[in-house]
Amino acid sequence: MSHGLKHTELVGSLDCGTTSVRFILFNKYADIVAQHQLEFPQYYPHPGQVWHEHDVEEIQQHADICIAEALNSLEASGFSKQSVKVIGITNQRETTVAWSRSTGKPLCKAIVWADSRTKNTVAHYEQKLGETGIQVSPGIWKKEKEGVEALREITGLPLSTYFSAIKLRWMIDNYPNVFKAHNADDLCFGTIESWIVYNLLGGPKTNIHISEVSNASRTLLLNTATLKWEQSLVDFFGFRPSILPKLVSTSEVYGNIAYGPLTGVPIGGLVGDQQGALIGNKCLTRGEAKCTYGTGAFLLFCTGHDIVKSNHGLLSTIAYQPGPGAKPVYALEGSIAVAGSAVKWLRDQMKIISSAAEINSLAAQEPDTGGVYFVTAFSGLLAPYWDPGAAGLLIGISQYTNPSHIARAALEANAFQTRAIIESMKLDSGSDLKALKVDGGMTNGDVAMKILADIGGFRVIRPEMRESTALGSAICAGAAIKLFGWDLTKPESLSEVNTKGNVEFTAHRIEEERQKKWEKWQLAVKRSRNWEEGDVSKA
Numbered sequence: 001m002s003h004g005l006k007h008t009e010l011v012g013s014l015d016c017g018t019t020s021v022r023f024i025l026f027n028k029y030a031d032i033v034a035q036h037q038l039e040f041p042q043y044y045p046h047p048g049q050v051w052h053e054h055d056v057e058e059i060q061q062h063a064d065i066c067i068a069e070a071l072n073s074l075e076a077s078g079f080s081k082q083s084v085k086v087i088g089i090t091n092q093r094e095t096t097v098a099w100s101r102s103t104g105k106p107l108c109k110a111i112v113w114a115d116s117r118t119k120n121t122v123a124h125y126e127q128k129l130g131e132t133g134i135q136v137s138p139g140i141w142k143k144e145k146e147g148v149e150a151l152r153e154i155t156g157l158p159l160s161t162y163f164s165a166i167k168l169r170w171m172i173d174n175y176p177n178v179f180k181a182h183n184a185d186d187l188c189f190g191t192i193e194s195w196i197v198y199n200l201l202g203g204p205k206t207n208i209h210i211s212e213v214s215n216a217s218r219t220l221l222l223n224t225a226t227l228k229w230e231q232s233l234v235d236f237f238g239f240r241p242s243i244l245p246k247l248v249s250t251s252e253v254y255g256n257i258a259y260g261p262l263t264g265v266p267i268g269g270l271v272g273d274q275q276g277a278l279i280g281n282k283c284l285t286r287g288e289a290k291c292t293y294g295t296g297a298f299l300l301f302c303t304g305h306d307i308v309k310s311n312h313g314l315l316s317t318i319a320y321q322p323g324p325g326a327k328p329v330y331a332l333e334g335s336i337a338v339a340g341s342a343v344k345w346l347r348d349q350m351k352i353i354s355s356a357a358e359i360n361s362l363a364a365q366e367p368d369t370g371g372v373y374f375v376t377a378f379s380g381l382l383a384p385y386w387d388p389g390a391a392g393l394l395i396g397i398s399q400y401t402n403p404s405h406i407a408r409a410a411l412e413a414n415a416f417q418t419r420a421i422i423e424s425m426k427l428d429s430g431s432d433l434k435a436l437k438v439d440g441g442m443t444n445g446d447v448a449m450k451i452l453a454d455i456g457g458f459r460v461i462r463p464e465m466r467e468s469t470a471l472g473s474a475i476c477a478g479a480a481i482k483l484f485g486w487d488l489t490k491p492e493s494l495s496e497v498n499t500k501g502n503v504e505f506t507a508h509r510i511e512e513e514r515q516k517k518w519e520k521w522q523l524a525v526k527r528s529r530n531w532e533e534g535d536v537s538k539a
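Residue numbers for the sequence shown follow UniProt numbering, beginning at 1 and rising by one.
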């Protein structure tokens, strides 16, 4: 025990995002007591094509350093590391990891969620779905349109480059050592939380191969009603069942950390990052929604214990399962592939800003975009369009267009895509959205948030402490050991969590003007669609 250091009760969150890892320690009010963050390398092996990879050993090393450094900061501020009672893990979802069960080593680099190299794999399985279909019960097969519907019925998802099963199939088909491991029953498949928890709990020595249901619901292999792997889909994609992790709930003790400064501390929460942000924003009851603006943007709308099927291009997903055997809570989700990464593009490629924060002051120099619309389809469009062949488009440019117009158009693109998802959510759920809770890096800018409220026509609520994703996994972990009396099934038990300093943004634009801009945006999207196929008649 550390002499002379104060003791308190803290919960940790290891947040493994797309570009960085951070470890944050929270107290019972969700005040941040200590933290450390590190960016890790991104790999783009085929310039000009949308290939995006991560080295998961690097992610693990960065995670270990973040934990150690945050604990050093904790002790430097006078607290003992024994104060950390439990940790949670939250992670970028869909990013797909293949490793060897016998060595515990990755068999290739991970394929990142936004990577769309798998278009041909998707086309192959679309054809298979049309011709042979999937078996929905013994001897009963659904194909063509019925097959597509059956797939959505089981998983809540469409066939898309986005989801993990497609990425894993590509790995088996294209990397000989993954193929060999699959055939030899030596392959472990998982998303990032599976990989991180596997390592923290002892790696190949203990071989704890688990996957949490909110992450598993993004694989195209999980039955979201039964919370079990769907054998007909495992067969459909040609996987051996032995490669699949054991399914666990969002909030339970999975084991104790096997090494490092937190040796012996339990891991009590695992949750996909967007579901983590839903929990961190305390959107635990039907009709509450949040949007996280990071590299991409993800809007989740809580539908309670009901699976709401979307007829308007959204995904039905598991929000969380509050404990083993507990009734799951579901959400509708809309994903935008490009949000903060458009700002990064303006900074790194176009060099019209020198820091991400500068986009707000540049955009503020003009009252409007001067008629410019920016469809940020750098890797196709996700919800509600689902068009991998869409291309990025700047339209409405004149000789008067300046960098401020373009900066403003980038922020408007974010707002328009958010509105497109919310319009679909209203149609699917039958309920209106009064307010949207927001978090993530892009929400730091007031100009971006004013534009969002103005184009959306709803209130935007921004909390002061915006590490909602990390907080969500901390809440899951705390609830697993009943720390601070937190209970995911009783939202009132979180009444003291993250309550200070909300800022609200409201719409000022006249409705008629808002509608006119919205119609113009839809026209711009139409122009960007099916570009890669070169068939503009389909647009």
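Heads up, the beta-carbon is just placed ideally off N, CA and C, and yes, glycines get one too.
Under the DSSP definition of a beta bridge, Leu436 partners with Val460. The beta carbons of Ser249 and Gly268 sit no closer together than 8 angstroms.
According to the DSSP assignment, Ser251 belongs to the beta strand (DSSP E) that extends over Ser251 to Asn256. Across the structure, Leu157 and Leu220 are spaced so that their CA atoms are roughly 7 angstroms apart. Contact check for Gly147 against Ile166 fails: the beta carbons are separated by 8 angstroms or more. Under a 10 Å Cβ-count criterion, Ala184 is classified as exposed, with fewer than 16 other Cβ atoms of the shown protein chains found around its own Cβ. Between the segment 47-55 and the segment 104-121 there are three or more C-beta pairs closer than 8 angstroms, enough to call the two in contact. As the crow flies, the alpha-carbon of Pro261 is around 10 angstroms from that of Asn72. If you check the CB distance, Ala363 and Val447 come in under 8 angstroms. Contact annotation, Lys85 with Glu9: C-beta distance approximately 6 angstroms; criterion of less than 8 angstroms satisfied. Of Glu532, Lys6, Gln349 and Thr18, the smallest CA-CA separation from Gly272 is found for Thr18. Close CB contacts of Ala435 within its chain, under the 6 angstroms cut and outside five residues either way in sequence, are with Arg459 and Ile461 (chain order).
In the three-state DSSP reduction, Tyr198 falls in the helix class (H, G or I). Here the C-alpha atom of Gln92 lies approximately 8 angstroms from the C-alpha atom of Thr191. For Ser404, the three-state secondary structure derived from DSSP is helix. Bridge pairing for Phe505: Val460 [DSSP]. With 16 or more other Cβ atoms from the protein chains shown falling within 10 Å of its own Cβ, Tyr162 counts as buried.
Scanning Ser100, Ala407 and Ile395 for the CA closest to the CA of Trp345 turns up Ala407.
Per DSSP, Ser211 is one residue of the beta strand (DSSP E) stretching across Ile210 to Glu212. Across the structure, Leu382 and Asn207 are spaced so that their CA atoms are roughly 35 angstroms apart. Within the same chain, and ignoring the five residues on either side of Phe298 in sequence, the residues whose Cβ sits closer than 6 angstroms to its Cβ are Gln274, Thr292 and Ser335. Residue range Leu10 to Cys16 is occupied by the beta strand (DSSP E) that includes Asp15. Contact holds between the segment 327-341 and the segment 301-319, because three or more Cβ pairs, one in each stretch, are under 8 angstroms apart.
Separation of Asn174 and Arg347 (C-alpha to C-alpha, rounded to the nearest whole angstrom) is 35 angstroms. Taking C-alpha positions only, His62 is separated from Phe40 by approximately 7 angstroms. Sixteen is the threshold: when 16 or more other Cβ atoms of the shown chains lie within 10 Å of the Cβ of Pro322, as they do, the residue is buried.
DSSP places Cys291 in the strand class (E or B) of the three-state scheme.
Counting only the Cα atoms, Pro463 lies some 17 angstroms from Ser473.
Between the alpha carbons of Pro266 and Glu69 lies a distance of about 19 angstroms. Straight through space, the alpha carbons of Leu159 and Glu126 are spaced by roughly 7 angstroms.
Beyond the five residues adjoining it in sequence on each side, Ile154 comes within less than 6 angstroms, by CB distance, of Asn223 and Glu230 in the same chain, given in chain order.
The residue from Glu496, Asp454 and Ala216 with its alpha-carbon nearest to that of Tyr29 is Glu496. Boundaries of the alpha helix (DSSP H) harbouring Asn174: Ser164 to Asn174, taken from the DSSP string. Bounds of the beta strand (DSSP E) holding Gly304 are Ala297 to Gly304.
Checking the DSSP bridge columns, you'll see Lys228 partnered with Asn223. Using a 10 angstroms sphere on the CB of Leu201, the tally of other CB atoms reaches 16 or more, which defines it as buried.
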